[in-house]
Amino acid sequence: MIDQQSTGELLTNGHFATGDFSGWSVSDAEKIFLARQENGHVAVLMPLPYDTRVVLRQEVARQRASGSYIFSFWLRTSDKRGDALPDTTRKTTIHLWVHPLDGGTGHWVSLNPVAVPFWSKLVYRFSLEDRGEVRFEIYFNNESGRPDASHSLPIGREGYQQLAVIDESQDLVAPADADVGECPYAIRDVSLFKTA
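Spelled out as structure tokens, the structure:
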């Protein structure tokens, strides 16, 4: 679907308010699923080995993409029911892609916020200049880290450049490299909002 609005929310069902994954694609419903929590629903992502390729994904195209954006979501460590895990942290991986449909350069960023035992809001701001039609792709997964700890582009996406994002998230007590290893995490209220 191509979105032509000038500003506003771009994602569909980012709050999971429908009680299902409408607007999203899920590659394995046994490893990524919804749990009822706090008068709503959260998505729970179970831990998986590296390169399993099980993701929660949403894509949206825009005809005129130049402008300022805020990508945000709430995150915490979780058991499989979506309940918080006390004294547990998990380093996560979230990808944001800007695929060029206008003949321009593609951009991507791999974000690695730490999930802590309480809900924390992650906020990232970025801008695009002189862009026509693009397709945004956001995906969450819960794989173990790459053995060599590098961030490499998937095959077929060579030539993409790093997307410059400004992290406006609140500072957390947990250090950036805090990770207990294999535990689920939960997300809610995912938003990609065009501000201008």
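Residue numbers for the sequence shown, in my numbering: 1 to 196.
Don't be surprised by glycine CBs; every beta carbon is placed ideally from N, CA and C.
Only a predicted model underlies this, so the values are computations on that prediction, with no experimental measurement involved.
Spatially closest choice to residue i from the options, by CA coordinates
{"i": "S72", "options": "S144, R146, D130, W119", "result": "W119"}
{"i": "D20", "options": "N141, H41, S6", "result": "H41"}
{"i": "N142", "options": "N13, S22, Y50", "result": "Y50"}
{"i": "A43", "options": "G14, S110, T52, A61", "result": "G14"}
{"i": "V60", "options": "P100, Q162, G104, R146", "result": "P100"}
{"i": "W52", "options": "V190, F140, K121, K194", "result": "Per the sequence shown, residue 52 should be read as Thr rather than Trp. Residue F140 is the option with its Cα nearest to T52."}
{"i": "R146", "options": "Q63, Q162, N112", "result": "N112"}
{"i": "S6", "options": "Q162, Q63, S110", "result": "Q63"}
Assigned secondary structure, residue i (DSSP; H/G/I helix, E/B strand, else coil)
{"i": "W119", "result": "coil"}
{"i": "Q58", "result": "strand"}
{"i": "A176", "result": "Reliability fails at A176, whose pLDDT of 49 lies under 50, so the model's placement of it is uncertain and no value is given."}
{"i": "L11", "result": "coil"}
{"i": "V165", "result": "coil"}
{"i": "Q37", "result": "strand"}
{"i": "K194", "result": "strand"}
{"i": "Y50", "result": "coil"}
{"i": "E30", "result": "coil"}
{"i": "N141", "result": "strand"}
{"i": "T89", "result": "coil"}
{"i": "R81", "result": "coil"}
{"i": "F16", "result": "coil"}
Residues of its chain near residue i, where Cβ-Cβ distance is below 8 Å and the 5 sequence neighbours each way are ignored
{"i": "I166", "result": "Y124, R125, F126"}
{"i": "E182", "result": "P47, S144"}
{"i": "F16", "result": "L34, G40, H41, V42, A43, R188"}
{"i": "S191", "result": "E9, L11, G14, I70, F71, S72, F73"}
{"i": "Q162", "result": "H107, W108, V109"}
Same chain only: Cβ atoms within 6 Å of residue i, ignoring 5 sequence neighbours per side
{"i": "W97", "result": "W108, E137"}
{"i": "S22", "result": "N13"}
{"i": "A65", "result": "L128, R131, V134"}
{"i": "I32", "result": "V26, L45, L56"}
Contact with chain D by residue i, beta-carbon distance below 9 Å
{"i": "R57", "result": "In the structure shown, chain D does not exist; there is a single protein chain."}
Contact belief for residue i with residue j at Cβ below 8 Å, rounded distance in angstroms
{"i": "Q58", "j": "T18", "result": "No, Q58 and T18 are not in contact; Cβ-Cβ is about 13 Å, not under 8 Å."}
{"i": "A196", "j": "G67", "result": "5 Å"}
{"i": "D28", "j": "V54", "result": "4 Å"}
Cβ pair residue i, residue j closer than 9 Å
{"i": "R131", "j": "D171", "result": "no"}
{"i": "I187", "j": "L56", "result": "yes"}
{"i": "E158", "j": "I70", "result": "no"}
{"i": "Y210", "j": "G106", "result": "The question about residue 210 has no answer here: the residues shown for the chain are numbered 1 through 196."}
{"i": "L75", "j": "T93", "result": "no"}
{"i": "K121", "j": "G8", "result": "no"}
Other residues of its chain near residue i: CB distance less than 7 Å, five sequence neighbours each side excluded
{"i": "K82", "result": "With the sequence shown as reference, residue 82 is identified as Gly, and Lys is not the correct amino acid for it. Within the same chain, G82 has close Cβ partners A35, Q37, V42, V44, A186."}
{"i": "A84", "result": "R76, T77, S78, P117, F118"}
{"i": "P86", "result": "P117"}
{"i": "G104", "result": "R131"}
{"i": "W24", "result": "N13, L56, R57, Q58"}
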